[in-house]
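To start, the structure under review is shown below, and the notes come after it.
Residue numbers (our numbering), protein chains in the order written: chain A, 94 to 454; chain B, 29 to 257.
So this is what it looks like as structure tokens:
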């Protein structure tokens, strides 16, 4: 918002990739286009098999696309020869789900590896490696071998190794998927710190909504090799249009859990007979208003709150509330109409009242 | 000490009588295994690396090379060694100038063991995590550097173990090469132990080979263990 139209550091346009085997072919990417600005933390989310890993591998040409363009800092790289490509790759760091550290050498040597390849002086290697160790918080593990480290520590070493050559972009391929929730959080906050401290652009592939929610500023939803939706995190979360994004959002608000709970007879009985079961989504500023009290006062409806929670997406809140609403039919409808006119997401889950009436007649 | 000499003299009379020949045979075996081993390790590692990098999904994927190399290895491995030695006589003469003795034994030993070493080295290299190679490529490291500094370095414990197995096989083959005129403890055992019914010589030869195999295995295990982290 403060920066005026920042330059895209990474531009993918119309990428296609098909994997062919003897027996079948799989279209992994079907014309994917997206652009990542400098300093973005760009999340690419999708289910497994959506083409995420293929997509991230086309960014540094570990996987050559069949057609389409990849521009890194404005330079088209799909047509580059191997040696030029190597130079581009040296400016793009990458981390992986399985860390991919060398088992036979120490933490220090793992981080020094890219520098040794570039024939940097001994003094420079020592300075850079100890800087990186400091940044990732592993100064006491210099001489250890990867097998002596925990998963989170291994990923920290991998991050240090990926960034020791000062790349401007970091690609993260499911980097936290093999870690427990706490370690995931610590790695994510490290990535966020690197982003804000050094202006590192991060492209992050994941299947976890939580990961995206925690650190991404922009988001693309990949579904079956196509971008289903893309925009700022807020855009996608507040107004999901694709089925896959809606599903993601419902996971974030634990909608499935609620449905499950309502299937439960006891809870179902309590809710039953109290009218309409409604799911409300309050976005941004709307989350601050006292709608429930207003409805009760002005529309003469009865409302019981079943479950509510709030998620903060990029400093803006999204509130999710499940209520059971009862009262005269037209008043209930008027109340719902009012909520809709206020720009509140209204989803009617189940009409308990009607169902019961049917049973009586 | 005297008792020991007495014991040996009583139970191993021929060993004592021909101890000069035995020592010479031992020296020949050590030389055979050493020279043939060094040459074969070089070619074995080379071919093993070629097999791995040209395989499907490898750094230098090449169906033609990997196909031909694989078939050639299978053909050579299917020829029994004794037959290979006879079959190779003209070639051996061409390379070593003679087909008998220590010199003559080395070419067939190399040809006999290289296909085997190539396969075990290939296996050791296959153990290296593909992800590590991918990470190195993502860093912009060149393929030759990856092969030498990452692929081979990461596979080193496995390569050492492969070398131990190959060395033991080579000791076995060297004894066989001895039987067909190559010298060494193999021919010593055949000439005296088998042809002249000196059972004690056969027994001592077996004992020596047993010790040699154990020594190689023991040292190899220690090195491999030290290299595994």
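Glycine residues also receive a C-beta, built at the ideal position from the N, C-alpha and C atoms.
A distance below 9 Å separates the beta carbons of residue 168 of chain B and residue 183 of chain A.
Along the region 189-204 of chain A, the positions whose C-beta sits under 9 Å from a C-beta of chain B are 189, 190, 191, 192, 193, 194, 195, 196, 197, 198 and 199, read in chain order. A straight line joining the alpha-carbon of residue 207 of chain A with that of residue 253 of chain B spans about 27 Å. Note that the region 184-202 of chain B touches the region 242-252 of chain B; at least 3 beta-carbon pairs, one per stretch, sit closer than 8 Å. Residue 126 of chain B counts as exposed, since fewer than 16 other C-beta atoms from the protein chains shown sit within 10 angstroms of its C-beta. If you keep only unbroken beta strand (DSSP E) runs of at least 3 residues inside the region 215-295 of chain A, you get 262-266. Between the region 47-65 of chain B and the region 196-213 of chain B there are three or more C-beta pairs closer than 8 Å, enough to call the two in contact. Across the region 164-194 of chain B, CB contacts with chain A closer than 7 Å involve 165, 166, 167, 168, 169, 170, 173, 178, 181, 182 and 184, in sequence order along the chain. Contact annotation for residue 297 of chain A against chain B: no contact, minimum CB-CB distance about 15 Å [criterion: below 8 Å]. The beta carbon of residue 158 of chain A sits no closer than 9 Å to any beta carbon of chain B. Secondary-structure assignment with DSSP links residue 187 of chain A through a beta bridge to A:264. With a threshold of 9 Å between beta carbons, residue 184 of chain A makes contact with chain B.
For residue 160 of chain B, the chain A residues whose C-beta falls within less than 7 Å of its own C-beta are 193 and 195, listed in chain order.
Here residue 90 of chain B carries a coil assignment [DSSP, helix/strand/coil]. For residue 438 of chain A, the beta-bridge partners assigned by DSSP are A:374. Check the Cα spacing between residue 220 of chain B and each of B:114, B:38, B:76 and B:53: the tightest is with B:53.
Counting only Cβ-Cβ distances below 8 Å, residue 255 of chain B has contacts in chain A at 197, in chain order. Going by C-alpha positions, residue 104 of chain A is about 23 Å away from residue 330 of chain A. Under the three-state reduction of DSSP, residue 125 of chain A is assigned to strand. At a cut-off of 9 Å between beta carbons, residue 238 of chain A contacts chain B. Among the residues of chain B, none has a CB under 8 Å from the CB of residue 410 of chain A; the nearest is roughly 38 Å distant. An exposed status is given to residue 111 of chain B, since fewer than 16 other beta-carbon atoms sit within 10 Å of its beta-carbon. It is roughly 26 Å from the alpha-carbon of residue 243 of chain B to the alpha-carbon of residue 155 of chain B. The alpha helix (DSSP H) runs lying completely inside the region 159-208 of chain B and spanning 4 residues or more are 181-205, given in chain order.
Residues of the region 134-158 of chain B with a C-beta less than 8 Å from any C-beta of chain A: 157, listed in chain order. Within 7 Å of the CB of residue 210 of chain A, the CB atoms of chain B belong to 169 and 173, in sequence order along the chain. If you draw a straight line from the Cα of residue 56 of chain B to the Cα of residue 135 of chain B, it is about 15 Å long.
Under the Cβ criterion of 9 Å, residue 155 of chain A is counted among the residues facing chain B. Distances from the CA of residue 246 of chain A to each of A:217, A:199 and A:260 were compared; the closest alpha carbon is that of A:199. In the structure shown, residue 107 of chain B adopts coil according to DSSP, grouped into three states. Per DSSP, residue 131 of chain B is one residue of the alpha helix (DSSP H) stretching across 129-154.
Partner residues in the beta bridge of residue 402 of chain A, as assigned by DSSP, are A:413. Less than 9 Å divides the Cβ of residue 300 of chain A from the Cβ of residue 138 of chain A. Collapsing the DSSP output to three states places residue 34 of chain B in a helix. For residue 116 of chain B, the secondary structure class from DSSP, reduced to helix, strand or coil, is coil.
Contact of residue 207 of chain A with chain B is assigned, a C-beta pair being separated by under 9 Å.
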